[in-house]
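Heads up: the sequence shown begins at 782 in my numbering, then just goes up one per residue.
Here the structure comes first, spelled out in structure tokens, and everything after it is commentary.
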Amino acid sequence: VNTLRPEISVTDGKYSSVVVKQEPPKMPVGSQELRPHRMSVGIYDLVGEKLVRRISHELDVVGASTAINTFTGEKEGDLILINDGDLSYGKLRFDAKSVKTLTEKLSGVEDPLTRALCWSATWDMLRDGELSASQYVPMAVTGLATEKDVSVVSMTLMQLGTAVELYACDENRDKVREQVANGAEILLEQAKEGSDMQLQYARSFASFAFSDRQHSRIKDMLDGRLPGLVVDADLRWHFINCLAERGKITTAAIDAELERDNTASGHKNAASARAAIPNSEAKESAWQSALGGELSNHIHDATIAGFNKPLQRVLTKSYIDKYFDCLITVWEKLSYELASTVVTGLFPSYQVNDEVLAKCEGWLTGAGKDAPAALRRFVSENRDALARAINAQRVDARF
């Protein structure tokens, strides 16, 4: 996929040059392929609280550089959107002023397609290290204020979790955690009672809750004290797992909930909650159970999910070496389904640092050099995700 970005010059408040720069795909390494694109480029102005399209020009983008002469002499806009209208396919980028505009006013983009392009492009910029998590998080929280598409809301909230826990540097993480938690709480309060949005924001608020007051509010929702919210068994377990991760519920309470919901789903959720309890005993028990090969697939998946929690990276740090040491044995001993879940789910993904990256690369070139291809592929994919997170955190540290 080619990357398309604007190169802009402004003189006396007017565009003297607007050029679309096209870059070769990042994969395969060394590719120099540039493709022709038929697309539009739009200029948007901030009018009150709304971002309004002033002009959109359709053209052919060919080669490394394509000038948009139509824009010469136009008053500088607040946002320039490449591929306005989504006519072509590529990785889109924004100039610095457009990033600043979206950070403050993404919620002002009224057109759903334009807004979707902005969501997609800013997320891709974050993943590629061209936007910091400390910029993306307030932009996304602000943008959600007017977003009406539940699927977009769901995806953005999931991406916010990744931005906070993987792409924010250690020094900034608590700050952006609090921003997301507070933003989700406001959105929950504004959601219509009994709506899909209320359900979505209730789940997300519980996942993001940061302060003791917010932890208490999860308990209030669990007890049915949020008007309009239907708290079924699935949602109760979600709240319980969020409380377990934060050390705000006991194993006795988890057992009591399992008595209330003694179903296959209840057993799965209880296993996840027990593994999420933030103490060394719970982590060791979950680790041994995951590697033992005696759990059913669903309980096995849930146990691993409960073990590897972002809020508990200090507790799970001691398992980094154990993970790499057990890979060959796990792959030989367990079924493909269980082994692949161990390899992907127990990877120290929240231990984002060069030391873990070196251990991963050392395994791929050492103990795992002759390992089965599928095992190497799983580890390699996790290695790439870790390298991306390291790069993103370095970018965020400079913000």
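All C-beta atoms, glycine included, are put in the ideal place defined by N, C-alpha and C.
Let me know the beta strand (DSSP E) ranges lying completely inside the segment 792–833, each 3 residues or longer, listed in chain order. 795–804 and 818–828
Kindly provide the ranges of any alpha helix (DSSP H) runs that are 4 or more residues long and lie completely inside the segment 1024–1063, ordered along the chain. 1032–1041 and 1045–1057
Just list the residues that DSSP pairs SER992 with in beta bridges. According to DSSP, which records beta bridges pairwise, SER992 is partnered with nothing at all.
What's the call for ALA1045, buried or exposed, on a 16-neighbour Cβ count within 10 Å? exposed
Can you grab the Cα-Cα spacing for the pair PHE989 / ALA914, in whole Å? 16 Å
Among the residues of its own chain, which have a CB less than 6 Å from the CB of ALA987, if the five just before and after it don't count? ILE999, PHE1020 and CYS1023
When the Cα atoms are used, what is the spatial distance from GLU814 to THR784? 11 Å
For PRO1153, tell me which candidate among LEU968, ASN1172, VAL801 and THR1110 has the shortest Cα-Cα distance. THR1110
Is DSSP giving GLU788 helix, strand or coil here? strand
First and last residue of the alpha helix (DSSP H) that includes ILE1085? 1078–1088
Span of the alpha helix (DSSP H) holding ILE967? 951–971
SER1121 to GLY829, Cα distance in whole Å? 52 Å
Buried or exposed (CB count within 10 angstroms, at least 16 for buried), HIS1079: exposed
Examine the Cβ distances between the segment 919–937 and the segment 976–986 and report whether three or more of them are shorter than 8 Å. yes
Would you check if the distance between the CB atom of ASP865 and the CB atom of SER821 is smaller than 7 Å? yes
Using the three-state DSSP reduction, which class does ASP841 fall into: helix, strand or coil? strand
Can you list, in chain order, the residues of its chain whose CB lies under 6 Å from that of GLU855, leaving out five sequence neighbours each side? TYR796
Compute the distance between the beta-carbons of VAL801 and THR847, then report whether it is under 7 Å. yes
Between the segment 880–888 and the segment 834–853, do at least 3 Cβ pairs fall closer than 8 Å? no
Would ASP859 be called buried (16 or more neighbouring beta carbons within 10 Å of its own) or exposed? buried
Considering Cα atoms alone, identify which of ARG1027, TRP1144 and TYR982 is closest to LEU1007. TYR982
Assuming ALA1037 and PHE991 are in contact, meaning their beta carbons sit under 8 Å apart, how far apart are those beta carbons, in whole angstroms? The Cβ separation is near 27 Å, so there is no contact.
Straight-line CA distance for GLY743 to ALA1025? Here the chain comprises residues numbered 782 to 1180, so residue 743 is not present and cannot be evaluated.
Distance CB(GLN1174)-CB(VAL1123) smaller than 7 Å: no
Where does ALA848 sit, in a helix, a strand or coil, going by DSSP? strand
Do ALA1083 and LYS1049 have their C-beta atoms within less than 7 Å of each other? yes
Could you tell me if ARG908 is buried or exposed, where buried requires 16 or more neighbouring beta carbons within 10 angstroms of its beta carbon? buried
Which of helix, strand or coil DSSP assigns to LYS929: coil
Beta strand (DSSP E) runs wholly inside the segment 844–907, at least 3 long, in chain order: 846–848 and 860–863
Simplified DSSP assignment, three categories, for ARG1094: helix
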